[in-house]
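Heads up, the thing below is written out as structure tokens.
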Ligand code: NAD
Ligand code: MG
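Numbering (UniProt numbering), first residue to last: 12 to 409.
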């Protein structure tokens, strides 16, 4: 693969945590990129600001009611403005070399698939779209010859540790977990976790959804499913290891006993810089790892009793595409409900478990073969989750 320079790039979810880190990397290597599209859900001022900073050609807001405000915020810049879900999809079809998929949740599925179909390579942060429709996603990528570059730090680590010629000699893939804010809490204390406790991640500053997923460890569950699709490795060879220092992000164990690990500071600009530079490696002023400062690295097994989400996700992966789709949908609703104070922390995994049981009769055995099917299943998973949460609290949720 030879790369022409400069390359065109679009950022979906440009106002988020990954979006901001991506903008930072691009600004350091400005002569290598032409920014085509930046998108956001509803934050007009932030979207206009990042569009201006990056000199984007088009800024798109998912919320259609924000179009006039976005136009006003961009006036005089020469940057086009658009709004609404259809405009996001249309923007995803604009031909570019690389799309950074950094929308959170299943909302990122349709635009990312549209970008793949339009011929872009994908720097993929949005793990939920693989959990929602991983087989469809990877099949679409293969059909269109799209390179999927993992932004998620653990998967980026594994991508770097995997040797193309030796994939058959992979004995196991291990992704590490910081363990989140409740690693050392008792099961009893975890019953009265507050929203603020759960938002206090020990190692990473991230958007609210993934921060809560890290606290429940559903994030690692989603990441096992993500790794299965990205690397075509079955569940029994995918492992999670708790590593509170977040220095080793992942490692591959080969059939000859070699273990190839990836180390780095806990900063998303590092995997993002790798994806943006790939297959080369440019100089980027990311934080450097100082192992003498870190001193020691520790590892421990995850606690499946206190973190049932890990088992829910593992079982869903082994059950099939419908189950991971429903797992993701229910989890998105449950995390939102926790963040709005409607359910307790432990209610997140309980809701997901209940919804998986409820959905089994309707969807058991179904494959997720089209984006429409994936989104219909996702909508039903969300409905079941709202229903389960409503039942639990005797409140109406419609
Ligand atoms: P975030 O909440 O900070 O940002 C999300 C972005 O998506 C924002 O720009 C928002 O405007 C946009 N968005 C949200 N809902 C949307 C919708 N319905 N339609 C269109 N746009 C929408 O999230 P984040 O932490 O940057 O995470 C983004 C993705 O990257 C997630 O899938 C997450 O799991 C993954 N990820 C994040 C990190 C991290 O360090 N933050 C690390 C690994 C993976
Ligand atoms: Mg990760």
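All residues carry an ideal CB built from backbone N, CA and C; glycine is no exception.
- Provide the residue span of the beta strand (DSSP E) that contains residue 44, from first to last. Counting along the chain, residue 44 sits inside the beta strand (DSSP E) bounded by residues 44-51.
- Query: Which residues bound the alpha helix (DSSP H) around residue 188?
  - Reply: First-last for residue 188: 181-188, but that is the beta strand (DSSP E), not the alpha helix (DSSP H).
- Buried versus exposed, by CB contacts within 10 Å (16 or more), residue 290: Exposed, since its Cβ has fewer than 16 Cβ neighbours within 10 Å.
- Report the option in 262, 152 and 74 whose CA atom is closest to the CA atom of residue 185. With respect to the C-alpha of residue 185, the residue from 262, 152 and 74 having the closest C-alpha is 262.
- Helix, strand or coil: how does DSSP classify residue 272 here? Three-state DSSP puts residue 272 in a strand.
- Kindly indicate the opening and closing residues of the beta strand (DSSP E) around residue 32. No beta strand (DSSP E) holds residue 32; the alpha helix (DSSP H) holding it covers 28-39.
- Query: Any heavy atom of ligand 2 within a distance shorter than 7 Å of the CB on residue 224?
  - Reply: A distance criterion of 7 Å places the beta-carbon of residue 224 beyond contact range of ligand 2, judged by its closest non-hydrogen atom.
- Message: Here's the rule: buried if 16 or more other CB atoms are within 10 angstroms of the residue's CB, otherwise exposed. What is residue 15?
- Response: For residue 15, the number of other beta carbons within 10 angstroms of its own is below 16, and it is reported as exposed.
- Query: Mind checking whether residue 376 and residue 341 have CB atoms under 8 Å apart?
  - Reply: No.
- Residue from 300, 315 and 314 whose Cα sits closest to the Cα of residue 308: Checking every option, the nearest Cα to that of residue 308 belongs to 300.
- Query: Of the residues 204, 181 and 182, which one's Cα is nearest the Cα of residue 192?
  - Reply: When each option's Cα is compared against that of residue 192, the closest is 204.
- Contact set for residue 125: own chain, Cβ-Cβ below 8 Å, skip 5 residues either direction: Same-chain partners within the cutoff: 100, 103 and 104.
- Task: When you get a sec, list the residues whose CB is within less than 6 Å of any heavy atom of ligand 2, chain order please.
- Result: Cβ atoms closer than 6 Å to ligand 2 belong to 163, 164, 165 and 234.
- Message: Below 7 Å, is the gap between the Cβ of residue 217 and the nearest heavy atom of ligand 1?
- Response: Yes, the Cβ of residue 217 comes within 7 Å of a heavy atom of ligand 1.
- Looking at C-alpha atoms only, which residue of 222, 352, 238 and 399 is the closest neighbour of residue 183? Closest option to residue 183, Cα to Cα, is 238.
- Message: Would residue 223 and residue 395 be called neighbours here (beta carbons separated by less than 8 Å)?
- Response: Residue 395 sits away from residue 223, with the two beta carbons spaced by 8 Å or more.
- Any idea if residue 407 is buried or exposed, counting beta-carbon neighbours within 10 angstroms, 16 or more meaning buried? Residue placement at residue 407 cannot be trusted, given a pLDDT of 45 that sits under 50; the coordinates are not used to answer.
- Determine the DSSP secondary structure at residue 409, reduced to helix, strand or coil. Bear in mind that a pLDDT of 43 at residue 409, under 50, signals an unreliable position, so the number given afterwards is only what the model happens to contain. Under the three-state reduction of DSSP, residue 409 is assigned to coil, being neither helix nor strand.
- Query: On the three-state DSSP scale, how would you describe residue 210?
  - Reply: Of the three classes helix, strand and coil, the one that applies to residue 210 here is coil, per DSSP.
- Task: Assign residue 73 to one of two classes, buried (16 or more other C-beta atoms within 10 Å of its C-beta) or exposed (fewer than that).
- Result: Residue environment analysis places residue 73 among the buried positions, since at least 16 neighbouring C-beta atoms fall within 10 angstroms of its C-beta.
- Query: In three-state terms, what does DSSP make of residue 4?
  - Reply: No answer is possible for residue 4: it lies beyond the span of the chain, which begins at 12 and ends at 409.
- Message: Following a CB-centred definition, is residue 136 positioned closer than 7 Å to any heavy atom of ligand 1?
- Response: Residue 136 Cβ: within cutoff of ligand 1.
- Message: Closer than 7 Å to a non-hydrogen atom of ligand 1 - does that hold for the CB of residue 25?
- Response: Result yes, Cβ under 7 Å from ligand 1.
- Task: Have a look at residue 365 and residue 330 and give me their C-alpha separation to the nearest angstrom.
- Result: If you take the alpha carbons of residue 365 and residue 330, they lie about 16 Å apart.
- Distance cut-off 7 Å: residue 279 Cβ against heavy atoms of ligand 4: Among the ligands modelled here, namely ligand 1 and ligand 2, ligand 4 does not occur.
- Message: Can you give me the C-alpha to C-alpha distance between residue 116 and residue 271, rounded to a whole angstrom?
- Response: Cα atoms of residue 116 and residue 271: separation of roughly 31 Å, rounded to the nearest angstrom.
- Message: Does the distance between the C-beta of residue 297 and the nearest non-hydrogen atom of ligand 1 fall short of 7 Å?
- Response: Within the chosen limit of 7 Å, ligand 1 does not reach the beta carbon of residue 297 with any heavy atom.
- Query: By how many angstroms is the C-alpha of residue 404 removed from the C-alpha of residue 319?
  - Reply: Here the alpha carbons of residue 404 and residue 319 stand approximately 21 Å from one another.
- Contact check, residue 26 vs residue 68 under 8 Å by CB: the rounded distance? That belief does not hold up - the Cβ atoms of residue 26 and residue 68 are roughly 17 Å apart, past 8 Å.
- Close beta carbons around residue 84, own chain, < 7 Å, minus the five adjacent residues each side: Contacts found: 55, 56 and 59.
- Have a look at 283, 40, 71 and 77 and flag the residue whose alpha-carbon is nearest the alpha-carbon of residue 159. Nearest Cα to residue 159 within the set 283, 40, 71 and 77: 283.
- If we ignore side chains and look at the alpha-carbon of each, how far apart do residue 51 and residue 113 end up? Approximately 10 Å, taken between the alpha carbons.
- Message: At the level of alpha carbons, what is the spacing between residue 409 and residue 355?
- Response: Its pLDDT being 43, under 50, residue 409 is placed unreliably by the model, and nothing is read from it.
- Item | Length of the line joining the Cα atoms of residue 278 and residue 298 | Going from the Cα of residue 278 to the Cα of residue 298 covers about 7 Å.
- For residue 338, which of helix, strand or coil comes out of DSSP? Residue state, collapsed to three classes: helix.
- residue 30 Cβ short of 7 Å to ligand 1 heavy atom set: Within the cutoff, so yes.
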